[in-house]
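Chemist: If you're matching them up, the sequences are chains A and B in order.
To convert, note that position 59 of the first sequence is 59 in this note's numbering; the numbers rise steadily by one, no gaps.
Quick note, this note's numbering runs 304 ahead of the 1-based positions in the second sequence.
Glycine included, every Cβ here is placed at the ideal spot set by N, Cα and C.
Being a predicted model, the structure only gives us computed values, none of them experimental.
Structure in structure tokens, see below.
Protein chains: 2
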Amino acid sequence: MSIVTVGTVAFDAIETPFGKTDKIVGGAATYIAWSASYFTKPINIVSIIGDDFDMNELEALKNRGVNTDGIEIRTGEKSFFWSGKYHNDMNSRDTLVTDLNVLLSFNPILPESYKNGEYLMLGNIDPALQIKVIEQMTTRPKLIVMDTMNFWMDIALDTLKKAISMVDVLTINDEEARQLSGQYSLVKAAKVIHEMGPKFLVIKKGEHGALLFHNGEVFFAPALPLEDVFDPTGAGDTFAGGFIGHLAKTGDISFDNMKRAIIYGSAMASFCVEKFGTEALKSLTQEAIDNRVNEFVKLAHFSV
Amino acid sequence: MSIVTVGTVAFDAIETPFGKTDKIVGGAATYIAWSASYFTKPINIVSIIGDDFDMNELEALKNRGVNTDGIEIRTGEKSFFWSGKYHNDMNSRDTLVTDLNVLLSFNPILPESYKNGEYLMLGNIDPALQIKVIEQMTTRPKLIVMDTMNFWMDIALDTLKKAISMVDVLTINDEEARQLSGQYSLVKAAKVIHEMGPKFLVIKKGEHGALLFHNGEVFFAPALPLEDVFDPTGAGDTFAGGFIGHLAKTGDISFDNMKRAIIYGSAMASFCVEKFGTEALKSLTQEAIDNRVNEFVKLAHFSV
Numbered sequence: 001m002s003i004v005t006v007g008t009v010a011f012d013a014i015e016t017p018f019g020k021t022d023k024i025v026g027g028a029a030t031y032i033a034w035s036a037s038y039f040t041k042p043i044n045i046v047s048i049i050g051d052d053f054d055m056n057e058l059e060a061l062k063n064r065g066v067n068t069d070g071i072e073i074r075t076g077e078k079s080f081f082w083s084g085k086y087h088n089d090m091n092s093r094d095t096l097v098t099d100l101n102v103l104l105s106f107n108p109i110l111p112e113s114y115k116n117g118e119y120l121m122l123g124n125i126d127p128a129l130q131i132k133v134i135e136q137m138t139t140r141p142k143l144i145v146m147d148t149m150n151f152w153m154d155i156a157l158d159t160l161k162k163a164i165s166m167v168d169v170l171t172i173n174d175e176e177a178r179q180l181s182g183q184y185s186l187v188k189a190a191k192v193i194h195e196m197g198p199k200f201l202v203i204k205k206g207e208h209g210a211l212l213f214h215n216g217e218v219f220f221a222p223a224l225p226l227e228d229v230f231d232p233t234g235a236g237d238t239f240a241g242g243f244i245g246h247l248a249k250t251g252d253i254s255f256d257n258m259k260r261a262i263i264y265g266s267a268m269a270s271f272c273v274e275k276f277g278t279e280a281l282k283s284l285t286q287e288a289i290d291n292r293v294n295e296f297v298k299l300a301h302f303s304v
Numbered sequence: 305m306s307i308v309t310v311g312t313v314a315f316d317a318i319e320t321p322f323g324k325t326d327k328i329v330g331g332a333a334t335y336i337a338w339s340a341s342y343f344t345k346p347i348n349i350v351s352i353i354g355d356d357f358d359m360n361e362l363e364a365l366k367n368r369g370v371n372t373d374g375i376e377i378r379t380g381e382k383s384f385f386w387s388g389k390y391h392n393d394m395n396s397r398d399t400l401v402t403d404l405n406v407l408l409s410f411n412p413i414l415p416e417s418y419k420n421g422e423y424l425m426l427g428n429i430d431p432a433l434q435i436k437v438i439e440q441m442t443t444r445p446k447l448i449v450m451d452t453m454n455f456w457m458d459i460a461l462d463t464l465k466k467a468i469s470m471v472d473v474l475t476i477n478d479e480e481a482r483q484l485s486g487q488y489s490l491v492k493a494a495k496v497i498h499e500m501g502p503k504f505l506v507i508k509k510g511e512h513g514a515l516l517f518h519n520g521e522v523f524f525a526p527a528l529p530l531e532d533v534f535d536p537t538g539a540g541d542t543f544a545g546g547f548i549g550h551l552a553k554t555g556d557i558s559f560d561n562m563k564r565a566i567i568y569g570s571a572m573a574s575f576c577v578e579k580f581g582t583e584a585l586k587s588l589t590q591e592a593i594d595n596r597v598n599e600f601v602k603l604a605h606f607s608v
């Protein structure tokens, strides 16, 4: 089934203890689309870029079944640019540059063909824009998944809460869940956030895995322990892409299938961090993904 | 099968965001013995206390099938005392008082009846004493499990490495695994630590669960998300007690059974943190433990 996703399509410059990149293609919607493209098609992106963007990268996405008709190309303007440097532990980073550029005046307009999409993935972006995208859908999607971050809790909490009230699944990290709920215990935080609207809450804990809360039940998916984490950029978006990709592919939004979706998302994220940027996501095979998922089975399963 | 354990039997005074205690009974061997007593008997403790100790607490342990013959009672001296205050996140704490008292001159002497114990649990204590205990065993135990902490890495690394070289299972936390191995990646850290001797490595990550590494394989057990963590004191020791308790009960030290042991240890630790000190460990039932283990099954299991 089709997926609509809104988010940034951008340039990143990344420095990690393993090396640094020049401007490479990144952005939430880019990672989501690459990741989801291994599960279903079309992936319909809504975004904005300048005419400085690397159009070969859009072609590469199109070749994966990604529809880029909803990506506005602003002539004479520059694409969103972010630059950051990761600390040795890879769990924290300093932002060196944030040039919003075209994002400053982004007003997402959905092509007609997007408006009855069945699965909607709202990448991390201004919640006012996430709401605009939801409001343009002519039929309520079967599932709306929303990613966000602490930045929007700090500067646009009311709008953020309105967006959250409109979605089925919220994905945030543990510190964000605590900030949003005012509760330190993640069990209590989940209850508060369920009250805000989302029936499903995914709490992402990076190298410590992810939790799925729903209706008093909880599921935990570990992160795969890796020899090297090369570049964590985009891991959360790649997770989201695999998560909604699996759900859209199967058309099943039961709790049991959400568990599988979390595992597929985690598997995709584990590939993502093994190389810089989107590189690892460009040459995966179904066999590699299945093998990776089997590593999660071996990692997590036990009999009593 | 029988377990021999060495470690502190002591007084703690604990302050958490939920309240504070006067002197209550604690110590690594106390938590290990309470926890393991739900799995097998006898649990043979080697330790030292002063005559200020609460002898009713020793009686309570004896009533659980714990043998306290190896606990030296030093007349006119005081028991080891530790006092600490947990921060709001419960993941970090300040030590307020450490009075070593009788521990300063502790020289563990094993009663004859301990010397052919099949399972040996070395609680966190001076590695020189851990070695002394191993050397007094007349037959090599079927399994030696050793807990330790960063303090001994800082001040007694050579002795610690000698002790580590003599054991089958090492249990440490993630930061300690990184410090001991000089590797940030836990996968690489495990390889380095296996080279030091232990065929099995358990990395405890507190609220983030625990990893078991063995022979290129890895298993992950989540921590149970709890409404409230009341007092984390002794959680690691309680984990160790449940871990070796299950192994001794079943007499099976295969990797598959070690996975189950990790889950039992995690279940016991999840009880421990729900109340102050050893309180929660004093009134468990087999049914409560089985139900808690089933919560871990629901938490971690998925089908693909």
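Grab me the residues of B:Leu483's own chain with a C-beta within less than 7 Å of its C-beta, minus the 5 sequence neighbours each way, in chain order.
Modeler: Sequence index remark: in the second sequence, residue 483 of chain B carries index 179 (1-based). According to the sequence displayed, residue 483 of chain B carries Gln and not Leu. Correct list, in chain order: Asn454, Met457.
Chemist: Thinking C-alpha only, which one of A:Gly117, A:Gly209, A:Lys259, A:Met146 is nearest A:Val169?
Modeler: By one-based count along the first sequence, residue 169 of chain A stands at place 169. With distances taken between Cα atoms, A:Val169 lies closest to A:Met146.
Chemist: If we define contact as Cβ-Cβ less than 8 Å, is A:Pro108 a contact residue for chain B?
Modeler: To locate residue 108 of chain A, count along the first sequence from 1; it is residue 108. Not closer than 8 Å to any Cβ of chain B, the Cβ of A:Pro108 fails to qualify, so no.
Chemist: At a Cβ cut of 9 Å, what residues of the stretch 377-411 of chain B count as close to chain A, listed as they run along the chain?
Modeler: For the stretch 377-411 of chain B, the residues whose beta carbon sits under 9 Å from a beta carbon of chain A are, in order, Asn392, Asp393, Met394.
Chemist: In the DSSP assignment, find the unbroken alpha helix (DSSP H) run with A:Gly26 in it and report its ends.
Modeler: Numbered from 1 along the first sequence, position 26 holds the residue referred to as residue 26 of chain A. Premise fails: A:Gly26 lies in the beta strand (DSSP E), 24-26, not in any alpha helix (DSSP H).
Chemist: Are the C-beta atoms of A:Val273 and some chain B residue less than 8 Å apart?
Modeler: To locate residue 273 of chain A, count along the first sequence from 1; it is residue 273. So no, A:Val273 is outside the interface.
Chemist: So, at 6 Å on beta carbons, what are the nonlocal neighbours of A:Ala10 in its own chain, with the 5 sequence-adjacent residues on each side left out?
Modeler: By one-based count along the first sequence, residue 10 of chain A stands at place 10. Within the same chain, A:Ala10 has close Cβ partners Gly26, Gly27, Ser79, Phe80.
Chemist: Have a look at A:Ser393 and B:Val496 and give me their C-alpha separation to the nearest angstrom.
Modeler: As shown, chain A starts at 1 and ends at 304. That puts residue 393 of chain A outside it, with no answer to give.
Chemist: Skipping 5 residues on each side, what residues in its chain have a beta carbon closer than 7 Å to that of B:Asn411?
Modeler: By 1-based counting over the second sequence, the position of residue 411 of chain B is 107. Nothing listed; no residue qualifies.
Chemist: Starting from the C-beta of A:Asn116, find all residues in its chain whose C-beta is less than 8 Å away, skip the five residues before and the five after it, and write them out in chain order.
Modeler: Counting from one through the first sequence, the residue named residue 116 of chain A turns up at place 116. Taking C-beta separations shorter than 8 Å and ignoring five residues to either side along the sequence, the partners of A:Asn116 in its chain run Met137, Thr138, Thr139, following chain order.
Chemist: Taking 8 Å as the threshold, find out whether the stretch 274-282 of chain A comes into contact with the stretch 227-235 of chain A through three or more Cβ pairs.
Modeler: yes
Chemist: For a minimum of 4 consecutive residues, which ranges assigned as the alpha helix (DSSP H) are wholly contained in the stretch 152-189 of chain A?
Modeler: 157-165, 174-181
Chemist: Taking B:Arg596 as the reference, which of B:His518, B:Ser351, B:Ala432, B:Ala527 has the closest Cα?
Modeler: The count along the second sequence starts at 1 and reaches residue 596 of chain B at position 292. When only C-alpha atoms are compared, the closest one is B:Ala527.
Chemist: In terms of residues, what are the limits of the beta strand (DSSP E) holding B:Tyr423?
Modeler: The residue you call residue 423 of chain B lines up with position 119 of the second sequence. Its beta strand (DSSP E) spans residues 423-426.
Chemist: When the Cα atoms are used, what is the spatial distance from B:Asn267 to B:Ile476?
Modeler: Lying outside 305 to 608, the shown extent of chain B, residue 267 of chain B is not represented and no answer is given.
Chemist: Counting only Cβ pairs nearer than 8 Å, list the residues of chain B close to A:Arg187.
Modeler: Along the first sequence, one-based indexing puts residue 187 of chain A at 187. The sequence shown places Val at residue 187 of chain A, not Arg. Neighbours of A:Val187 on chain B, chain order: Pro529, Leu530, Glu531.
Chemist: Three-state secondary structure (DSSP) at A:Ala13?
Modeler: Taking the first residue of the first sequence as 1, we reach residue 13 of chain A at position 13. Reduced to three states, the DSSP call for A:Ala13 is strand.
Chemist: Quick one: is B:Phe543 near chain A, going by C-beta distance under 8 Å?
Modeler: The residue labelled residue 543 of chain B in the question sits at position 239 within the second sequence. B:Phe543 has a beta carbon lying at 8 Å or more from every beta carbon in chain A.
Chemist: Taking the alpha helix (DSSP H) that A:Thr250 falls in, what are its first and last residues?
Modeler: Numbered from its first residue, the first sequence carries residue 250 of chain A at position 250. Note, A:Thr250: alpha helix (DSSP H), 235-250.
Chemist: Can you give me the C-alpha to C-alpha distance between A:Lys204 and B:Thr320, rounded to a whole angstrom?
Modeler: Numbered from 1 along the first sequence, position 204 holds the residue referred to as residue 204 of chain A. Numbered from 1 along the second sequence, position 16 holds the residue referred to as residue 320 of chain B. If you take the alpha carbons of A:Lys204 and B:Thr320, they lie about 27 Å apart.
Chemist: By alpha-carbon positions, which one of A:Asp228, A:Val133, A:Gly182, A:Asp256 ends up nearest to A:Phe220?
Modeler: On the first sequence, residue 220 of chain A is found 220 positions in, with the first residue counted as 1. A check of alpha carbon separations from A:Phe220 across A:Asp228, A:Val133, A:Gly182, A:Asp256 identifies A:Asp256 as the nearest.
Chemist: Going by DSSP, what residue range makes up the alpha helix (DSSP H) through B:Leu516?
Modeler: Your numbering for residue 516 of chain B matches position 212 in the second sequence. Run containing B:Leu516: none in the alpha helix (DSSP H); it sits in the beta strand (DSSP E), 514-518.
Chemist: Which of helix, strand or coil does DSSP assign to A:Gly19?
Modeler: Stepping through the first sequence from its first residue, residue 19 of chain A is reached at position 19. If DSSP states are grouped into helix, strand and coil, A:Gly19 belongs with the strands.
Chemist: Tell me, please, whether the CB atom of B:Arg596 is closer than 8 Å to any CB atom in chain A?
Modeler: The sequence position of residue 596 of chain B within the second sequence is 292, counting from 1. Interface with chain A (8 Å Cβ-Cβ cutoff): B:Arg596 is excluded.
Chemist: If the cut is a Cβ gap below 9 Å, which residues of chain B does A:Pro232 touch?
Modeler: For this step, residue 232 of chain A is matched to residue 232 along the first sequence. The contacting residues do not exist; A:Pro232 stays about 13 Å from chain B at best.
Chemist: Select from the stretch 553-573 of chain B all residues with a C-beta closer than 7 Å to any C-beta belonging to chain A, and list them in chain order.
Modeler: Lys563, Arg564, Ile567
Chemist: How far does the beta strand (DSSP E) with A:Glu217 in it extend, from its first residue to its last?
Modeler: Counting from one through the first sequence, the residue named residue 217 of chain A turns up at place 217. It spans 217-221 - the beta strand (DSSP E) in which A:Glu217 sits, taken as one unbroken run.
Chemist: Who are the neighbours of A:Phe219 on chain B, taking C-beta pairs under 9 Å?
Modeler: The count along the first sequence starts at 1 and reaches residue 219 of chain A at position 219. The answer, in chain order, is Lys602, Leu603, Ala604, His605, Phe606.
Chemist: For a contact defined as C-beta to C-beta under 9 Å, what are the partners of B:Lys509 on chain A?
Modeler: Mapped onto the second sequence, residue 509 of chain B falls at position 205. Neighbours of B:Lys509 on chain A, chain order: His208.
Chemist: Let me confirm a value: A:Leu247 is counted as buried when at least 16 other C-beta atoms fall within 10 Å, else exposed. Which label applies?
Modeler: Counting from 1 along the first sequence, the entry for residue 247 of chain A is found at position 247. So A:Leu247 ends up on the buried side.
Chemist: So which residues of chain B does A:Pro198 contact, with C-beta pairs closer than 9 Å?
Modeler: In the first sequence, residue 198 of chain A corresponds to position 198, counting from 1. Within 9 Å Cβ-Cβ: nothing; A:Pro198 doesn't reach chain B, min ~17 Å.
Chemist: Rounded to whole angstroms, how far is the Cβ of B:Asp478 from the Cβ of B:Leu461, which I believe are closer than 8 Å?
Modeler: Reading the second sequence from its first residue, position 174 is the one you call residue 478 of chain B. Reading the second sequence from its first residue, position 157 is the one you call residue 461 of chain B. At roughly 19 Å, the Cβ-Cβ gap does not stay under 8 Å, so B:Asp478 and B:Leu461 are not in contact.
Chemist: State buried or exposed for A:Phe302, treating a residue as buried only when at least 16 other CB atoms are found within 10 Å of its CB.
Modeler: Walking along the first sequence from the start, residue 302 of chain A turns up at place 302. It counts as buried.
Chemist: Could one say the Cβ of B:Tyr342 lies closer than 8 Å to chain A's Cβ atoms, at least one of them?
Modeler: Here residue 342 of chain B corresponds to residue number 38 of the second sequence, with the count starting at 1. Not an interface residue.
Chemist: Helix, strand or coil: which one does DSSP assign to A:Phe276?
Modeler: Here residue 276 of chain A refers to the residue found at position 276 of the first sequence. Of the three classes helix, strand and coil, the one that applies to A:Phe276 here is coil, per DSSP.
Chemist: Helix, strand or coil for A:Ile262 per DSSP?
Modeler: Here residue 262 of chain A refers to the residue found at position 262 of the first sequence. It is helical.
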